[in-house]
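Enquirer:
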Amino acid sequence: MKNTFKILLLSLFFVGCQQKVQPADIAKINGYWEIEKVVFDEGKDKDYKMNESFDYFEIGKENKGIRKKVMPQLDGSFLTNDSYENVTVRFEDDKAFLDYSTPYAKWSEELITISDKELVLKNTEKNEYHYKKTGPINLTGDGEKIK
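Each residue of the sequence shown is one higher than the one before, starting from 1 at the first, in our numbering.
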């Protein structure tokens with residue numbers, strides 16, 4: 001019984017200390033993000049070992065911007081196309097949301113965690129998408145600086 005109480009108290013401590021996303025944190029979204037895993041609502045995980053594409057976010061001062069898929073190349077450049085999603089950051093009930101829109105659809109994801117190295121988004125099906133911050137890859141070994 002004593003151990004159960006300690007575990008409960010410790011669990012409440014961690015839940016109470018969960019960081020809320022602040023407006024100042026939104027700038028951390030900008031850049032390249034590589035998906036690491038998806039945690040499904042049923043509790044199962046799908047790990048991603050290698051990714052052919054990254055998500056690129058560019059959010060401006062008015063909490064509006066874009067997200068687009070980019071494909072890293074071995075020389076540090078990225079292949080892109082003209083497709084992108086408009087993104088608006090919305091704060092509601094002590095939570096942060098990313099509202100997406102294209103000419104064909106609109107949807108939202110809850111911003112669970114944002115730091116310099118980690119991004120976690122939850123969609124309406126309660127699946128969590130865990131990303132890690134990434135950047136250009138240069139495997140050519142030519143020593144040239146990537147732009």
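Ideal placement from N, C-alpha and C gives every residue a C-beta, glycine not left out. Note that this is a predicted model, so its numbers are computed, not measured.
1) Taking Asn123 as the reference, give the member of Leu111, Lys117, Lys132 and Asp116 with the closest Cα.
2) Alpha carbon to alpha carbon, what distance is there between Val70 and Glu34?
3) What would DSSP say about Lys28, mapped onto helix, strand or coil?
4) To the nearest angstrom, report how far apart Ala27 and Leu98 are at their CA atoms.
5) Between which two residues does the beta strand (DSSP E) harbouring Phe57 extend?
6) Below 8 Å on the Cβ atoms is my guess for Asn86 versus Ser101; work out the distance and round it to an integer in Å.
7) Taking all protein chains shown into account, decide if Leu74 is buried (16 or more other Cβ within 10 angstroms of its Cβ) or exposed.
Expert: For this structure:
1) It is Leu111.
2) In a straight line, the C-alpha of Glu34 is about 10 Å away from that of Val70.
3) If DSSP states are grouped into helix, strand and coil, Lys28 belongs with the helices.
4) Those two C-alpha atoms are separated by around 13 Å.
5) Run containing Phe57: Phe54 to Ile59, per the beta strand (DSSP E) assignment.
6) Confirmed, about 5 Å.
7) Looking at its Cβ environment, which holds fewer than 16 other Cβ atoms inside 10 Å, Leu74 is exposed.
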